[in-house]
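Novice:
2 protein chains.
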Amino acid sequence: MTSAARTTNIAERIYQQLKLDIFDFQLLPGDRFSESEIARRMSASRTPVREALYRLERDGYVQVHFRSGWQVRPFDFQYFEDLYDVRILLEAEAVRRLCEDKDREGRLAGLMTIWCCRPEQRSHDSSEVAFLDEEFHFGLLECGQNQEMAAIHRSVCERLRIIRRLDFTQKGRIEATYKEHSEILDDICHGRRDKVVNHLKKHIEISKNTVREITLHRIQEARKRYAEDKNMDMPPKVT
Amino acid sequence: MTSAARTTNIAERIYQQLKLDIFDFQLLPGDRFSESEIARRMSASRTPVREALYRLERDGYVQVHFRSGWQVRPFDFQYFEDLYDVRILLEAEAVRRLCEDKDREGRLAGLMTIWCCRPEQRSHDSSEVAFLDEEFHFGLLECGQNQEMAAIHRSVCERLRIIRRLDFTQKGRIEATYKEHSEILDDICHGRRDKVVNHLKKHIEISKNTVREITLHRIQEARKRYAEDKNMDMPPKVT
DNA sequence: GAATTCAACCTTGTATACAAGTTAGTAAGC
DNA sequence: GCTTACTAACTTGTATACAAGGTTGAATTC
Numbered sequence: 001m002t003s004a005a006r007t008t009n010i011a012e013r014i015y016q017q018l019k020l021d022i023f024d025f026q027l028l029p030g031d032r033f034s035e036s037e038i039a040r041r042m043s044a045s046r047t048p049v050r051e052a053l054y055r056l057e058r059d060g061y062v063q064v065h066f067r068s069g070w071q072v073r074p075f076d077f078q079y080f081e082d083l084y085d086v087r088i089l090l091e092a093e094a095v096r097r098l099c100e101d102k103d104r105e106g107r108l109a110g111l112m113t114i115w116c117c118r119p120e121q122r123s124h125d126s127s128e129v130a131f132l133d134e135e136f137h138f139g140l141l142e143c144g145q146n147q148e149m150a151a152i153h154r155s156v157c158e159r160l161r162i163i164r165r166l167d168f169t170q171k172g173r174i175e176a177t178y179k180e181h182s183e184i185l186d187d188i189c190h191g192r193r194d195k196v197v198n199h200l201k202k203h204i205e206i207s208k209n210t211v212r213e214i215t216l217h218r219i220q221e222a223r224k225r226y227a228e229d230k231n232m233d234m235p236p237k238v239t
Numbered sequence: 001m002t003s004a005a006r007t008t009n010i011a012e013r014i015y016q017q018l019k020l021d022i023f024d025f026q027l028l029p030g031d032r033f034s035e036s037e038i039a040r041r042m043s044a045s046r047t048p049v050r051e052a053l054y055r056l057e058r059d060g061y062v063q064v065h066f067r068s069g070w071q072v073r074p075f076d077f078q079y080f081e082d083l084y085d086v087r088i089l090l091e092a093e094a095v096r097r098l099c100e101d102k103d104r105e106g107r108l109a110g111l112m113t114i115w116c117c118r119p120e121q122r123s124h125d126s127s128e129v130a131f132l133d134e135e136f137h138f139g140l141l142e143c144g145q146n147q148e149m150a151a152i153h154r155s156v157c158e159r160l161r162i163i164r165r166l167d168f169t170q171k172g173r174i175e176a177t178y179k180e181h182s183e184i185l186d187d188i189c190h191g192r193r194d195k196v197v198n199h200l201k202k203h204i205e206i207s208k209n210t211v212r213e214i215t216l217h218r219i220q221e222a223r224k225r226y227a228e229d230k231n232m233d234m235p236p237k238v239t
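In order, the protein sequence lines correspond to chains A and B. What the first sequence shows, in my numbering, is residues 1 to 239, in sequence order. What the second sequence shows, in my numbering, is residues 1 to 239, in sequence order.
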């Protein structure tokens, strides 16, 4: 299959939409739903819905109950903490390898353009910075020349996305994020291996430490908040 | 779904059989096939075949060509080397953690029963030792208390299985395997962290170094060899 | 009122039919 | 002989129907 064909087919559309629904808390951890319900909502038959759901199942986002519907993976503290540990391990290895790579400055050029810019060039939109933040971490792995490690890391980080999106204090950390990222990049370029590994670990452990603070209330607040954000993105009605 | 229900359904049967076909080289890297062909071969409709194939696709074993059939993932040296590096990273981390775990002897008790037995209790069946060898490595991760790391490691090792099964020199290494594994376990119990990490890396790199030696001829030899093994496993006909 | 039973409804698991795109073979033209 | 165009066959992508098991609500019994 050419990637163009898959990106336009119904199953792929449903897959992406369901994932987005999970990330935007329109489907909450533990929610139950049926294939038919999704099919009605997505204006399709059950067949591509099932394809999308098998993929989401394999990715760790949903579970099927035999002849009884599907369920978003219930919230599990240990699971997310385990994922954070994997993420830390992979990113630490990536920066170790980058510190020893003669071509590291070339590899990191794209990231440095974004994160080592002058203050007046920085984005002030917290959604955009959140996106760039995530891309920063993907970028460290992608510069590291092990595509499988990068793919596993991406899968881990996507599964952790709901944790990041539940942490509303991130909005106030734009400047700190730019500062930390540019310092990490600087340390890599200067080959300060142990320093940058420790720095990165501390940077990620800030997020990891928020896992245990998550409450049901915060998850329900997030549902409202992201639903409102969605409405605000809608184009004005033309009457 | 209860795991009992899934283990008896048609899609699961087909998934496992196709995986086995890949591991036994009955489906070679690069082979093309269609859903209908598999459906005929497995005496089922296309529907559960599709489910099985989506899962195998997601696991990295096959690829779909838009309206043109499916293909076993072609052989790719870099891919397997990347996987080996991920595997080494994960196992090294697991033994580091075990060396610092006060309960490590209890956790490793099962592995020690198998690998630190007296020479007359050892298995001489190379297939069984290959299986136990793989389980040894899974066991290191499963003793490590990070279930996601163990799951990722298992997925990586399964994808590497065909490399291990192409290495026919493994058959002559039964004694060395028992010795190396018991030494690794001993080093862990004594908390010799750096020694065991280096030992484990060397142990795995022996396999990694066989990737670049793989030839098409060897793959085709493997097809014959594993097909013969299959025939020898068949029960005698009752006439 | 609580517990049990049963049937209807709902769901997934599977089979089958139809739609849409690709590929290979054949015929025609140069 | 080579190239191009066309068509039939094949394939996946999707829709729909049927089968098999689970759940829920109502009726009955204690």
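We put the beta carbon where it would ideally sit given N, CA and C, even for glycine.
1. For Gln78/A and Phe23/A, what's the separation of their Cα atoms in angstroms?
2. Is there at least one Cβ from chain B nearer than 9 Å to Phe66/A's Cβ?
3. What is the C-beta distance between Asp85/B and Met149/A, in whole angstroms, given that I count them as a contact (C-beta under 8 Å)?
4. Are the segment 116-131 of chain A and the segment 99-113 of chain B touching by the rule of at least three beta carbon pairs closer than 8 Å?
5. In whole angstroms, give me the CA-to-CA distance for Arg50/A and Leu90/B.
6. Measuring CB to CB, does Phe33/B end up less than 9 Å from Trp70/B?
7. Out of His181/A, Ile174/A, Cys157/A, state which residue places its alpha-carbon closest to the alpha-carbon of Phe80/A.
8. For the alpha helix (DSSP H) that contains His65/A, what are its first and last residues?
9. Once the 5 residues before and after Gln16/A are set aside, which same chain residues still bring their CB inside 7 Å of it?
10. Using a Cβ cut-off of 9 Å, which residues of the segment 172-192 of chain A contact any Cβ in chain B, in chain order?
11. Check the Cβ-Cβ distances between Gln17/B and every residue of chain A, and say whether any is below 9 Å.
12. For Asp82/B, count neighbouring Cβ atoms within 10 angstroms of its own Cβ and tell me buried if that reaches 16, exposed if not.
13. Going by beta-carbon coordinates alone, are Leu28/B and Gln220/B separated by less than 9 Å?
14. Quick one: is Gly139/A buried, meaning 16 or more other Cβ sit within 10 Å of its Cβ, or exposed?
15. Taking just the CA atoms, how far does Leu141/A sit from Val64/A?
16. Taking Cβ-Cβ distances below 7 Å as the criterion, which residues of the segment 141-169 of chain A are in contact with chain B?
17. Pairing CB atoms from the segment 96-105 of chain B with CB atoms from the segment 183-192 of chain B, are three or more of them under 8 Å?
18. Rounded to the nearest angstrom, what separates Thr2/B and Asp59/B at their Cα positions?
19. Per the DSSP calculation, Gly69/A is bridged to which residue(s)?
20. Do you know how far the Cα of His199/A is from the Cα of Glu183/A?
21. Output, in chain order, the set of chain B residues within a Cβ distance shorter than 8 Å of Val86/A.
22. Return the chain-ordered list of same chain residues with a C-beta closer than 8 Å to the C-beta of Ala92/A, the five sequence neighbours on each side being excluded.
23. Please return the same chain residues whose Cβ sits closer than 8 Å to the Cβ of Arg67/A, not counting the five positions on each side in sequence.
24. Within the 9 Å Cβ cut-off, does Ile114/A reach chain B?
25. Please work out which residues of its chain come closer than 6 Å, Cβ to Cβ, to Ile204/B, disregarding the five sequence neighbours upstream and downstream, and give them in chain order.
26. Strictly under 9 Å for the Cβ-Cβ distance: is Thr239/B near chain A by that measure?
27. Report the option in Ser123/B, Pro48/B, Val211/B, Leu132/B whose CA atom is closest to the CA atom of Ile162/B.
28. Could you compute how far the alpha carbon of Thr47/A sits from the alpha carbon of Glu120/A?
29. Cβ of Leu108/B less than 9 Å from any chain A Cβ?
30. Taking just the CA atoms, how far does Asp31/A sit from Arg218/A?
31. Would Tyr54/A pass as a contact of Arg159/A if the rule is Cβ separation under 9 Å?
32. Phe136/B by DSSP, collapsed to three states: which one?
33. So, for Arg97/A: in the same chain, excluding its five sequence neighbours on each side, which residues have a beta-carbon less than 6 Å away from its beta-carbon?
34. Going along the segment 35-69 of chain B in order, which residues come within less than 9 Å of chain A, judged by CB to CB distance?
35. From what residue to what residue does the alpha helix (DSSP H) around Gln147/B run?
36. Taking just the CA atoms, how far does Lys179/A sit from Val129/A?
Specialist: On the basis of the data shown:
1. Straight-line spacing of the CA atoms in Gln78/A and Phe23/A works out to 19 Å.
2. Contact with chain B is found for Phe66/A, since one of that chain's Cβ atoms lies less than 9 Å from the residue's Cβ.
3. Yes, they are in contact, since the Cβ atoms of Asp85/B and Met149/A sit about 7 Å apart, within 8 Å.
4. Judged by Cβ distances under 8 Å, the segment 116-131 of chain A makes no contact with the segment 99-113 of chain B, as fewer than three pairs qualify.
5. Our two residues, Arg50/A and Leu90/B, have alpha carbons roughly 33 Å apart in a direct line.
6. Going by C-beta atoms, Phe33/B is nearer than 9 Å to Trp70/B.
7. Ranking the options by Cα distance to Phe80/A, first place goes to Cys157/A.
8. Per DSSP, His65/A belongs to no alpha helix (DSSP H); it is in the beta strand (DSSP E), 62-65.
9. Here the set comprises nothing.
10. Within the segment 172-192 of chain A, no residue has a Cβ that lies closer than 9 Å to any Cβ of chain B.
11. Cβ-Cβ to chain A under 9 Å: no for Gln17/B.
12. Taking all protein chains shown into account, Asp82/B has 16 or more neighbouring C-beta atoms within 10 Å of its C-beta and is therefore buried.
13. In this structure, Gln220/B lies closer than 9 Å to Leu28/B by Cβ.
14. Around the Cβ of Gly139/A, a 10 Å sphere holds 16 or more other Cβ atoms; the residue is buried.
15. Their backbone Cα atoms lie some 32 Å apart in a straight line.
16. Those residues of the segment 141-169 of chain A that come within reach of chain B (Cβ to Cβ, closer than 7 Å) are Asn146, Gln147, Glu148, Met149, Ile152.
17. Taking 8 Å as the limit for Cβ pairs, the verdict is that the segment 183-192 of chain B does touch the segment 96-105 of chain B.
18. Unreliable placement is indicated for Thr2/B, whose pLDDT of 49 sits below 50; no coordinate value is reported for it.
19. Under DSSP, the beta-bridge partners assigned to Gly69/A are His65/A.
20. Glu183/A and His199/A: Cα-Cα distance of roughly 9 Å.
21. The contacting residues are Asn146, Glu148, Met149, Ile152.
22. Listed in chain order, the non-local C-beta contacts of Ala92/A below 8 Å within the same chain comprise Val197, Leu200, Lys201, local neighbours out to five positions each way being set aside.
23. Answer for Arg67/A: no residue qualifies.
24. Against chain B, the CB of Ile114/A has no partner CB under 9 Å away; the residue lies outside that interface.
25. Short of 6 Å from the beta carbon of Ile204/B, and not among the five residues preceding or following it, lie these beta carbons of its own chain, in chain order: Ile88.
26. For Thr239/B, the predicted model reports a pLDDT of 23, less than 50, meaning its position is unreliable and no value from the coordinates is stated.
27. Across the set Ser123/B, Pro48/B, Val211/B, Leu132/B, the C-alpha of Val211/B shows the shortest separation from the C-alpha of Ile162/B.
28. C-alpha separation (whole angstroms): 50 Å.
29. By the rule that beta-carbons nearer than 9 Å mark a contact, Leu108/B does not touch chain A.
30. When rounded, the separation of the alpha-carbon atoms in Arg218/A and Asp31/A is 16 Å.
31. With contacts defined as CB atoms closer than 9 Å, Tyr54/A and Arg159/A fail to qualify as a contacting pair.
32. It is helical.
33. Same-chain partners within the cutoff: Gly144.
34. Answer in chain order: Thr47, Arg50, Glu51, Tyr54, Arg55, Glu57, Arg58, Asp59, Gly60, Gln63, Val64, His65, Phe66, Arg67, Ser68.
35. Taken as a continuous stretch (DSSP letters only), the alpha helix (DSSP H) holding Gln147/B covers 147-159.
36. Each residue's alpha carbon lies about 12 Å from the other.
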